[in-house]
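Step one of this worksheet: look at the structure below.
In the working numbering, the protein residues as written are 2 to 67.
In structure tokens form, the structure reads like this:
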């Protein structure tokens with residue numbers, strides 16, 4: 002008989018949380034790739050250093066998101 006405290010080991014496994022995390026990571030990866038494509042298509046062309054600085058700043062901002 003339970004005393005009101007449940008044991009999580011007795012509950013069925015749910016892959017929901019790991020699926021959400023994986024989906025978020027995939028979205029971030031796609032966003033970074035889309036930014037790289039957009040930077041390649043800029044007019045006038047940006048220098049490689051500018052592209053790297055923008056990409057690094059973008060990735061830093063993405064890491065701050067939940």
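The C-beta atom is built at its ideal place from N, Cα and C for all residues, glycine as well.
Since the structure is predicted, the reported quantities are computational estimates derived from the model, not experimental observations.
Enclosing alpha helix (DSSP H) for residue i [first to last residue]
i          : result
residue 53 : 49–65
residue 43 : Neither: residue 43 is in no alpha helix (DSSP H) and is coded neither H nor E.
Rounded distance between the beta-carbons of residue j and residue i, thought under 8 Å
i          : j          : result
residue 29 : residue 63 : 5 Å
residue 47 : residue 36 : 12 Å between Cβ atoms; not a contact.
Own chain residues within Cβ distance below 7 Å of residue i, not counting five before or after
i          : result
residue 55 : 40
residue 52 : 40
residue 43 : none
Close beta carbons around residue i, own chain, < 6 Å, minus the five adjacent residues each side
i          : result
residue 21 : none
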